[in-house]
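Order-wise, the sequence lines are chains A and B.
Taking our numbering, the leading residue of the first sequence gets 1, the next gets one more, and so forth.
Taking our numbering, the leading residue of the second sequence gets 1, the next gets one more, and so forth.
2 protein chains.
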Amino acid sequence: MQFKLLERDTKSSARAGEIQTDHGKIETPIFMPVGTAGTVKGIHIKDVKEDVNADIILGNTYHLYLRPGTDIIEKAGGLHKFNGWDRPILTDSGGYQVYSLSGTRKLDEKGVIFQSHIDGSRHNFNPESVIDIQRSIGADIIMAFDECTPYPCDYDYAKNSLQITHNWLDRCITHFKNTDPKYGFSQALFPIVQGSTYMDLRKQSAEFIASKGAEGNAIGGLSVGEPHELMYEMTELVCGILPDDKPRYLMGVGTPANILESIALGVDMFDCVMPTRNGRNGMLFTKNGIINIKNKKWADDFSPIDAEGTSFVDHQYTKAYLRHLFVGKEMLSGMIGSLHNLSFYLWLVREARRHIIEGDFALWKEEMVKKVSQRL
Amino acid sequence: MQFKLLERDTKSSARAGEIQTDHGKIETPIFMPVGTAGTVKGIHIKDVKEDVNADIILGNTYHLYLRPGTDIIEKAGGLHKFNGWDRPILTDSGGYQVYSLSGTRKLDEKGVIFQSHIDGSRHNFNPESVIDIQRSIGADIIMAFDECTPYPCDYDYAKNSLQITHNWLDRCITHFKNTDPKYGFSQALFPIVQGSTYMDLRKQSAEFIASKGAEGNAIGGLSVGEPHELMYEMTELVCGILPDDKPRYLMGVGTPANILESIALGVDMFDCVMPTRNGRNGMLFTKNGIINIKNKKWADDFSPIDAEGTSFVDHQYTKAYLRHLFVGKEMLSGMIGSLHNLSFYLWLVREARRHIIEGDFALWKEEMVKKVSQRL
């Protein structure tokens, strides 16, 4: 994996770059659609590629491990072959899902014992097994196993958890070095900065992670309920410590405004379920603000969903028709909402990139943050 | 509306023809995907057009009347404008939905009082109102208001109901003549033959309907639970009486084998929820038989869904991947199943048409009925 920094914004820490992988190039800043179980919910692979035009998508280790299971994915020849997506893929480590989904779980220095959300069966994740699973899935970028702390989180819990995450990282790196990719292309391992919302822990973690010389670095444990300002503070602090010549990935973030603000702080990569999840619920993000398409005011608005939108759905369907589909709980409603929102998110990060390269990012960002945050 | 008979099969009553409407040509025999509430469930309009390549789709008067309501559809400029489908549309009359969906209903000579399945509100359909609603929706082909009798059905009930259906037809025709299309293109009114499974009633009804000189004629009240052989008997009898120079539409039918057998009896048009409904449940129709894709046997079958299929989904996705999507109840599963099945249905009727024109329909049909009915 190669990362090349192309331009820097002079008035913020925003950067434009590109990541080269064996499955193609990723232009940063980038938003990565979430394909939890190997599918971006409600969107055909060809539309993720040709309409959303995503450079890279995510898969979730926890979900793919439970279903279809690594045996099936290995037999298929890896996730790319299994789902037919031939551009880059990133898999998370399962740490977040174990934190957010599981009922009963037991976490200690050795690893995590958790229950499947599907059938309640017991499973064990540890740094080595999580690397093995991600070797089997075969994503281009894989993540170290970590504990994602909740918000709020006791200082002592956060400190102790951070020590475990750091120890797990060393085991991940060792196991990663001792194993090979399974499908003839390279995989890069990204470590994850934790430390909850404590400046000293975040600093300590960022320095520890930076010292590992990984091909890219992630910031985890944010966007879990803390105020946005606190998230930005942590992100700014950590971005200032993580290597400048490697991509920085802010996990699970966020709203269009969150993404723009974080780009300004030096983040290069984002993922979030928001565009698809909210899209399925009728919340549409546009460059002029947020539309709740279920609102009665759209019932007889026969204008296109988004006259300035980049997706075919923006021009194919009207607001009144889309509202009708949502009110009737038609499958097509969520399909359109997801496709629109993802296309908008990809437009947003590409537009950010263009403004970074053209040198007027900071000004554009200030205006855009206001526009995208208002309700229409 | 113009209907032109192009070829007849010498060994059966199958015919190949074409219907010309103001929204374009329909090549018969044809299968019409069902778009109940103005959407073919789980499929983007562009894919219904470009991938399924349907000549015509259905809308349901009952559903569209309740939601979004005729006021919204009129404001949009008719259903074509509302949902963006610019090829022909056919709407049913609501008779079938009133029969199959409603809890409380009261039917007499005047019309039907029924309760909305959405909110329990009371509504009234009668021959005149149903024509008015279909004028507002603006389909190219609209249906007369009828009572769809259940199976089994008492002779006396069927006979009395038939009389009501015939009286309603006369009122429909009168009201149709006294009203104009609303959107500048022609609409054709098809009457519906009823009579349950009684030969004498079916004969009487077919003769009555034939005497009206409509632009096309439909056969209703079949495929409601009766044995297939009984359905074929009724269809054969009725097709022998309905005008030869007008299209014949067998409503709500059916399996691939049902369609082939009915084409052989002289039917030109079909609709059914089966390809989309069963597609959403993991039952795939192919030219080699029926696949229950949820079956464990497909878990590690990495061959395309249908190597001979005409849809992009057939080649984009593997059986193992599709099974994974169904097991995980992913939205994409139903989207793929529906698209595959509809594409297959359209392939089937086009292939039937080709064989009618080439003169070997009867032989091909015999082989095909066996193949499409077996379980894979």
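Ideal Cβ positions, reconstructed from N, Cα and C, are used throughout, including at glycine.
What you are looking at is a predicted structure, and each value in this text was computed from that prediction instead of being measured.
First and last residue of the uninterrupted beta strand (DSSP E) at residue i
i, result
"V130 (chain A)", "Where V130 (chain A) is concerned, there is no enclosing beta strand (DSSP E), although the alpha helix (DSSP H) it sits in stretches over P127 to I137."
"Y249 (chain B)", "R248 to L250"
"L189 (chain B)", "A188 to F190"
"G59 (chain A)", "I57 to G59"
"P106 (chain A)", "Per the sequence shown, the amino acid found at residue 106 (chain A) is Lys instead of Pro. Looking at the DSSP string, the run of the beta strand (DSSP E) that includes K106 (chain A) is R105 to D108."
"L90 (chain A)", "I89 to T91"
Segment limits, alpha helix (DSSP H) that includes residue i
i, result
"N278 (chain A)", "M274 to R280"
"N83 (chain B)", "L79 to N83"
"D271 (chain A)", "Unbroken run through D271 (chain A) is the beta strand (DSSP E), M269 to D271; no alpha helix (DSSP H)."
"L230 (chain A)", "H228 to I241"
"T378 (chain B)", "Outside the shown range of chain B, which is 1 to 376, sits residue 378 (chain B), and nothing can be said about it."
"V372 (chain B)", "F361 to S373"
"G266 (chain A)", "Careful: G266 (chain A) lies outside any alpha helix (DSSP H) and carries neither H nor E."
"R202 (chain A)", "M199 to A210"
"I45 (chain A)", "I45 to E50"
"S100 (chain A)", "G95 to L101"
"T310 (chain B)", "From DSSP, T310 (chain B) is part of no alpha helix (DSSP H); its letter is neither H nor E."
"K75 (chain A)", "T70 to A76"
Contact set for residue i: own chain, Cβ-Cβ below 8 Å, skip 5 residues either direction
i, result
"P181 (chain A)", "R135, G138 and Q187"
"F82 (chain B)", "G38, P68, I72, I73 and A76"
"S338 (chain B)", "V40, K41, G42, I43, P275, T276, G279 and R280"
"S121 (chain B)", "Q115"
Whole-number beta carbon distance between residue j and residue i, since they are thought to touch under 8 Å
i, j, result
"F344 (chain B)", "F285 (chain B)", "5 Å"
"R15 (chain B)", "I356 (chain B)", "7 Å"
"T149 (chain A)", "G221 (chain A)", "5 Å"
"I72 (chain A)", "A299 (chain B)", "6 Å"
"K246 (chain A)", "E215 (chain A)", "6 Å"
"D271 (chain A)", "V48 (chain A)", "In fact, because the Cβ distance is near 14 Å, the residues do not count as touching under 8 Å."
Sheet register partners of residue i (DSSP bridge)
i, result
"E18 (chain A)", "A:K4 and A:E27"
"F285 (chain B)", "B:I290"
"A218 (chain A)", "A:I192 and A:Y249"
"G334 (chain A)", "BP columns for G334 (chain A) are empty, so no partner."
"M32 (chain B)", "B:D271"
"M143 (chain A)", "A:F190"
"G111 (chain A)", "A:D108"
"T318 (chain A)", "A:P304"
"H377 (chain B)", "In the structure as shown, chain B begins at 1 and stops at 376. Residue 377 (chain B) is therefore absent and cannot be evaluated."
Beta-carbon proximity list for residue i, same chain, < 6 Å, skipping 5 on both sides
i, result
"F185 (chain A)", "D22"
"I142 (chain A)", "T91, Q134, Q187 and L189"
"H63 (chain A)", "T36 and A37"
"P256 (chain B)", "F285, L348 and V372"
"G78 (chain A)", "G138 and Y183"
"K11 (chain A)", "A362"
"F125 (chain A)", "G94, G111 and V112"
"L5 (chain B)", "R15 and G17"
"L230 (chain A)", "T197"
"D301 (chain B)", "K319 and A320"
"V267 (chain A)", "R248 and L250"
"M335 (chain A)", "G42"
"R171 (chain A)", "P127"
"G84 (chain B)", "I45"
Contacting residues, own chain, Cβ-Cβ under 7 Å from residue i (five flanking each side not counted)
i, result
"D146 (chain B)", "S93, G95, T165, W168, I192, Q194 and G220"
"R323 (chain A)", "I293, K294, W298 and A299"
"H340 (chain B)", "G279, L284, I305, D306, G309, S311, V313 and D314"
"V238 (chain B)", "V193, R202, A206 and I219"
"V98 (chain B)", "Y62, R105, V112, F114 and F125"
Legend entry - Selection of the segment 323-350 of chain B by Cβ proximity to chain A, strictly under 9 Å: R323, H324, L325, V327, G328, E330, M331, L332, S333, G334, M335, I336, S338 and L339
Legend entry - Proximal residues, the segment 40-55 of chain A versus chain B, C-beta separation under 9 Å: Per Cβ criterion, the list reads V40, K41, G42, I43, H44, I45, K46 and D47.
Inset, instruction - Return the residues of the segment 196-216 of chain B that lie within a Cβ-Cβ distance of less than 8 Å from chain A, sorted by chain order. - result: none
Inset, instruction - Select from the segment 61-82 of chain A all residues with a C-beta closer than 7 Å to any C-beta belonging to chain B, and list them in chain order. - result: R67, P68, I72, K75, A76 and F82
Legend entry - Contacting positions in the segment 280-307 of chain B - beta carbon closer than 9 Å to chain A: R280, A299, D300 and F302
Inset, instruction - Could you run through the segment 85-104 of chain B and flag, in chain order, every residue whose CB is less than 7 Å away from some CB of chain A? - result: Within the segment 85-104 of chain B, no residue qualifies.
Legend entry - Contacting positions in the segment 231-255 of chain B - beta carbon closer than 8 Å to chain A: Residues passing the 8 Å Cβ filter: none.
Inset, instruction - Could you list the residues in the segment 134-151 of chain A with a C-beta less than 9 Å from some C-beta on chain B, going in chain order? - result: none
Inset, instruction - Using a Cβ-Cβ cut-off of less than 7 Å, give me the residues of the segment 176-188 of chain B that come near chain A, in sequence order. - result: none
Legend entry - Members of the segment 115-133 of chain A near chain B, C-beta cut-off 8 Å: Listed in sequence order: no entries.
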